[in-house]
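Which chain is which? The protein sequence lines are A and B, in order. Every number in the working numbering is 28 more than the matching position in the first sequence, counting from 1. Every number in the working numbering is 835 more than the matching position in the second sequence, counting from 1. For every residue, glycine included, the Cβ atom is placed at its ideal position computed from N, Cα and C. Predicted model, so just to flag it, every value in this text is computed and none were measured. Inspection log for the structure reproduced underneath, given as structure tokens.
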Amino acid sequence: EPEVTQTPSHQVTQMGQEVILRCVPISNHLYFYWYRQILGQKVEFLVSFYNNEISEKSEIFDDQFSVERPDGSNFTLKIRSTKLEDSAMYFCASRAGPVHYNSPLHFGNGTRLTVT
Amino acid sequence: AQSVTQLDSQVPVFEEAPVELRCNYSSSVSVYLFWYVQYPNQGLQLLLKYLSGSTLVKGINGFEAEFNKSQTSFHLRKPSVHISDTAEYFCAVSDPILTGGGNKLTFGTGTQLKVEL
Chain A
29 EPEVTQTPSH QVTQMGQEVI LRCVPISNHL YFYWYRQILG QKVEFLVSFY
79 NNEISEKSEI FDDQFSVERP DGSNFTLKIR STKLEDSAMY FCASRAGPVH
129 YNSPLHFGNG TRLTVT
Chain B
836 AQSVTQLDSQ VPVFEEAPVE LRCNYSSSVS VYLFWYVQYP NQGLQLLLKY
886 LSGSTLVKGI NGFEAEFNKS QTSFHLRKPS VHISDTAEYF CAVSDPILTG
936 GGNKLTFGTG TQLKVEL
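Quick look at the structure:
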């Protein structure tokens, strides 16, 4: 069964450094998402991406965050200058179509980002 | 705005016993409802979903959930749990009206199900 793959599984970075989290969504999917889960807290929506542009973003997704689909297969999340509070598990997700088309959301296994 | 409440942060249960994980939601519009399971060090896997139709929804691994509109609930149940069901379970809600966001999910805080021998 096709999977959403995320790399790396764990990334450690120093405060103030830029970090890029990488995701390869399922190949025929059109909607892409990033969610994050701070340790012990709920999964939170960050951003959705469709038709090569951001379609919705949360309050968390400030100017330090950006997303890109550079080559038709990868979907990246960049954090320009990491803060301690960015430490979390970041999940990439994709779906083929809108949810009312009965199109399930597939999640990757996540990248654990640790900012020191 | 939508929100999801999972009142139980942890639910311990003995193997082969029944279990119910509670989920309540609030929304000003009709919703789609989901349960996801997260095993240690893994991503989120869809257990089941309610989009429309029958209010009793059956999912994978023997789980089922019932949509109750009057009580704004979507409790997850399994008649007999197994050790392998030990995991974190998340209830989530989505807006059925297609928005530019492609129907983002709003999650609850999760319930840790611990199945003991």
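- What residue does the beta strand (DSSP E) around A/M117 start on, and which one ends it? 116-123
- Item | In chain order, each beta strand (DSSP E) run of at least 3 residues that lies wholly inside the stretch 55-101 of chain A | 59-65, 71-78, 81-85, 93-96
- chain A contact for B/L948 (CB, 8 Å cutoff): no
- Closest residue to A/T144 among A/R108, A/Q45, A/G125 (Cα-Cα distance): A/Q45
- Query: Would you call B/K904 buried or exposed, if buried means 16 or more other Cβ atoms sit within 10 Å of its Cβ?
  - Reply: exposed
- Message: To the nearest angstrom, how far is the alpha carbon of B/A880 from that of A/F135?
- Response: It should be pointed out that residue 880 of chain B corresponds to Gln in this sequence rather than to Ala. Going from the Cα of B/Q880 to the Cα of A/F135 covers about 7 Å.
- With B/Y885 as the anchor, note down where its beta strand (DSSP E) starts and where it stops. 879-885
- Query: Within the 8 Å Cβ cut-off, does A/F119 reach chain B?
  - Reply: yes
- Task: Quick one: residues in its chain with C-beta nearer than 6 Å to the C-beta of A/K106, no 5 flanking neighbours on either side, listed in chain order?
- Result: I48, S94
- Message: Which residues of the stretch 857-880 of chain B have a Cβ closer than 9 Å to any Cβ of chain A? Give them in chain order.
- Response: Y867, F869, Y871, Q873, N876, Q877, G878, L879, Q880
- Endpoints, beta strand (DSSP E) assigned at A/R4: Outside the displayed span of chain A (29 to 144) sits residue 4 of chain A, for which this structure offers no information.
- Query: Is it true that the stretch 923-930 of chain B meets the stretch 864-878 of chain B, where meeting means three or more beta-carbon pairs spaced less than 8 Å apart?
  - Reply: yes
- Query: For a contact meaning CB atoms closer than 9 Å, what does A/V95 contact in chain B?
  - Reply: Here the premise fails: no neighbours, minimum Cβ distance about 13 Å.
- Task: Could you check what DSSP says for B/L911 in three-state terms: helix, strand or coil?
- Result: strand
- Message: Between A/L145 and chain B, is any beta-carbon pair separated by less than 8 Å?
- Response: Lying before the first or after the last residue shown, residue 145 of chain A is absent from chain A, which here runs from 29 to 144.
- Query: For B/G897, which residues in chain A fall below 9 Å Cβ to Cβ?
  - Reply: Within chain A, no residue comes near B/G897; the closest Cβ sits about 19 Å away, beyond 9 Å.
- Item | Beta-carbon gap between B/K939 and A/Y61 smaller than 8 Å | yes
- Query: Counting pairs of Cβ atoms below 8 Å between the stretch 109-116 of chain A and the stretch 51-71 of chain A, do you hit three or more?
  - Reply: yes
- Message: Going by DSSP in three states, B/N938 sits in which element: helix, strand or coil?
- Response: coil
- Query: Using the beta-carbon count (16 or more within 10 Å), is A/T142 buried or exposed?
  - Reply: exposed
- Name the chain A residues whose beta carbon is nearer than 8 Å to that of B/G894? Result: empty, since nearest Cβ-Cβ is about 11 Å, beyond 8 Å.
- Query: If you compare alpha carbons, which of B/N896, B/S861, B/E899, B/G897 is closest to B/D930?
  - Reply: B/S861
- Using DSSP with H/G/I as helix, E/B as strand and the rest coil, what is B/N876? coil
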